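Engineer: Numbering (our numbering), first residue to last: 5 to 460.
Think of the CB as a built atom: it goes at the ideal place given N, C-alpha and C, for glycine as much as any other residue.
Please read all numbers here as calculations on a predicted model, not as lab measurements.
Mind looking over this structure? Questions follow.
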């Protein structure tokens, strides 16, 4: 879904986001009293074409406040009480994320996400923490909920038909920045676990199950703290918000290419479950904060695809490069899947004497399970360079090598555990090494006193 935007969630707060604060209302004076603060919205999701009541959690010294949103098809207005809002979206609004900022005369808040989906929102109803009181829901359904306290478990009862592919996808830690590590379990009416999912999209679980018989099943959600501690038990709290998508219909897991590649190079192809034989992808343009969103009408799942520089770049799918006959000169990007256990995808490249090259995989960074390994081999099969992790905190592989003479190499990509699946998607970037500078900032807005300057 994206799925691709995982890196954006952690890095959305650099220069572009800081500029949004300036667009919101010019330079923000440094406050001398309490500042406006926004931590989250509840529910954290709204439906396209609907008018929704929202509660903003935070601090609002003055009311009403000014609202800044990066999407023109989403409008928020202040209610009569501090923290109350009405949200209205266009009926044709694309799924994705609206990034919102609240401002008063003294300060502005950080960017806060509000999810947009194309199905009506069903609110979780407590109590629903046992098999007996599990909340009955239809399928497909979009559920907004919260694990309210330590030990909380949420359950839903649903009907399934034999042969159906049931998809349950949770958004919590990823986009909503809820501080939990969620787990989904599918159980029968006696509590026997049929399937379990954990850490499928970063720390958020996604479960896919093919029903073996007609009947009733129960989906169970619980969580542990994002940062492990000495407590033994399930975690919860006022900031443990989530959105659960549950469907036996079309679900888009991701789209290749993972980046917003011009269609003259590669037409985007959706991957997921229960997809129609012919599916036309729609797109929503990028904003100042979010990249382009691609999605299918009347289907769960969407993907953000950042625009990348295409001048001089060559774009390929893995199906075009397995055992290639002709070497390709970098810079290039290859997109694909390690779809089967023990699969190795190969890319044959043309190199020049004295030039240093860098091959980088993007997969874990984007929320996929591939633990990549890169090998650079000569045409005789001998290994020239190898790497399986860019660093101790980065499971995506990156390798640099210098050509000793003009010739050809083969870049091999595989999974460290020799596993593979539809979700082992990747982008492989190969280019010559060039000096570069990347600017970033650890906050998404600045406070500047009138008539003064601020160091950044």
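Does the structure place the region 220-229 close enough to the region 281-291 that three or more beta carbon pairs sit under 8 Å?
Structural biologist: No: fewer than three Cβ pairs fall under 8 Å.
Engineer: Less than 8 Å between the CB atoms is what I'm expecting for residue 116 and residue 45, so what's the real figure, rounded?
Structural biologist: Confirmed, Cβ separation roughly 7 Å.
Engineer: Who are the Cβ neighbours of residue 161 in its own chain at under 6 Å, not counting the five residues just before and after it?
Structural biologist: Hits under 6 Å: 138, 140, 222.
Engineer: In its own chain, which residues sit with a C-beta less than 6 Å from the C-beta of residue 430, not counting the 5 before and 5 after it?
Structural biologist: If we look at residue 430 and ignore the five residues flanking it on each side, its Cβ neighbours are 365, 367, 374.
Engineer: With DSSP run on the structure shown, which of helix, strand or coil describes residue 118?
Structural biologist: Three-state result, residue 118: strand.
Engineer: Secondary structure at residue 323, three-state DSSP: helix, strand or coil?
Structural biologist: If DSSP states are grouped into helix, strand and coil, residue 323 belongs with the helices.
Engineer: Are there 16 or more other CB atoms within 10 angstroms of the CB of residue 194, so buried, or fewer, so exposed?
Structural biologist: Counting Cβ neighbours within 10 Å, residue 194 comes out exposed, since fewer than 16 surround it.
Engineer: Would you list, in sequence order, the uninterrupted beta strand (DSSP E) runs of no fewer than 3 residues that lie entirely inside the region 140-207?
Structural biologist: Listed in chain order, they are 145-150, 158-164, 169-175, 184-191, 197-202.
Engineer: By the three-class DSSP mapping on this structure, what secondary structure does residue 20 have?
Structural biologist: With a pLDDT of 41 at residue 20, under the threshold of 50, the modelled position of that residue is not reliable, and no figure is offered here.
Engineer: Given a cut-off of 8 Å on the beta-carbon distance, is the pair residue 295 and residue 305 in contact?
Structural biologist: Contact flag unset, no.
Engineer: Is it right to say residue 432 is buried, meaning 16 or more other beta carbons lie within 10 angstroms of its own, or is it exposed?
Structural biologist: Buried, by the Cβ-count rule.
Engineer: Select from 183, 344, 69, 406 the residue whose C-alpha is nearest the C-alpha of residue 417.
Structural biologist: That would be 344, whose Cα lies nearest to the Cα of residue 417.
Engineer: Is residue 13 helix, strand or coil when you go by DSSP?
Structural biologist: Model confidence at residue 13 stands at a pLDDT of 41, short of 50, so the residue's coordinates are unreliable; what they give is reported in the following sentence. Three-state result, residue 13: helix.
Engineer: Give me the Cα-Cα distance between residue 425 and residue 214, rounded to the nearest whole angstrom.
Structural biologist: Looking at the two C-alpha atoms, the distance is approximately 16 Å.
Engineer: Keeping to the same chain, check which residues put their C-beta closer than 7 Å to that of residue 75; ignore five residues upstream and five downstream.
Structural biologist: Closer than 7 Å at the Cβ level, and outside the excluded window around residue 75, lie 102, 291.
Engineer: Compute the beta-carbon to beta-carbon distance between residue 180 and residue 48, rounded to the nearest angstrom, for a pair I have assumed lies under 8 Å.
Structural biologist: Indeed they touch by this definition, with Cβ atoms about 5 Å apart.
Engineer: Would you decide whether residue 383 is buried or exposed? Buried here means 16 or more other CB atoms lie within 10 Å of its CB.
Structural biologist: Classification of residue 383: exposed, given that the 10 Å Cβ count is below 16.
Engineer: So, are the CB atoms of residue 155 and residue 240 less than 8 Å apart?
Structural biologist: Cβ atoms of residue 155 and residue 240: closer than 8 Å.
Engineer: Please state whether DSSP places residue 135 in a helix, a strand or coil.
Structural biologist: It is coil, neither helix nor strand.
Engineer: What did DSSP end up calling residue 450 once you bin it into helix, strand or coil?
Structural biologist: Three-state DSSP puts residue 450 in coil, outside helix and strand.
Engineer: Over what stretch of residues does the beta strand (DSSP E) that includes residue 250 continue unbroken?
Structural biologist: Taken as a continuous stretch (DSSP letters only), the beta strand (DSSP E) holding residue 250 covers 245-251.
Engineer: So what's residue 426 in DSSP terms, helix, strand or just coil?
Structural biologist: Residue 426 falls in the coil class under three-state DSSP.
Engineer: Note the first and the last residue of the continuous beta strand (DSSP E) segment covering residue 354.
Structural biologist: First-last of the beta strand (DSSP E) with residue 354: 349-355.
Engineer: Would you list the one or two residues that DSSP bridges to residue 391?
Structural biologist: Answer by DSSP bridge pairing, in chain order: 378.
Engineer: Taking the alpha-carbon positions, what's the residue 442 to residue 389 distance?
Structural biologist: When rounded, the distance between both Cα atoms is 26 Å.
Engineer: Would the beta-carbon of residue 52 fall within 8 Å of that of residue 81?
Structural biologist: Not a contact, by the Cβ cut-off of 8 Å.
Engineer: Just checking my contact of residue 321 with residue 414 at CB under 8 Å: how many whole Å lie between their CB atoms?
Structural biologist: About 17 Å; that fails the 8 Å criterion.
Engineer: Taking 8 Å as the cut-off, decide whether the C-beta atoms of residue 300 and residue 256 are in contact.
Structural biologist: The answer is yes: Cβ separation under 8 Å.
Engineer: If you draw a straight line from the C-alpha of residue 461 to the C-alpha of residue 362, how long is it?
Structural biologist: Past the edges of the chain, shown from 5 to 460, lies residue 461, and the structure says nothing about it.
Engineer: Helix, strand or coil: which one does DSSP assign to residue 370?
Structural biologist: In the structure shown, residue 370 sits in a helix (DSSP, three-state: H, G or I).
Engineer: For residue 113, list the residues DSSP reports as bridge partners.
Structural biologist: Residue 113 pairs with nothing; no bridge assigned.
Engineer: If I'm right that residue 261 touches residue 184 with Cβ under 8 Å, what's the distance once you round it to whole angstroms?
Structural biologist: About 32 Å; that fails the 8 Å criterion.
Engineer: Rounded to the nearest angstrom, what separates residue 211 and residue 152 at their Cα positions?
Structural biologist: Cα to Cα, residue 211 sits roughly 23 Å from residue 152.
Engineer: Helix, strand or coil for residue 51, going by three-state DSSP, please let me know.
Structural biologist: Correct three-state label for residue 51: strand.
Engineer: Quick one: what's got a C-beta closer than 6 Å to residue 168's C-beta in the same chain, skipping five residues either side?
Structural biologist: These residues qualify, in order along the chain: 215, 252.
Engineer: Relative to the C-alpha of residue 90, which candidate in 96, 68, 111, 107 has its C-alpha closest?
Structural biologist: Answer by Cα proximity: 68.
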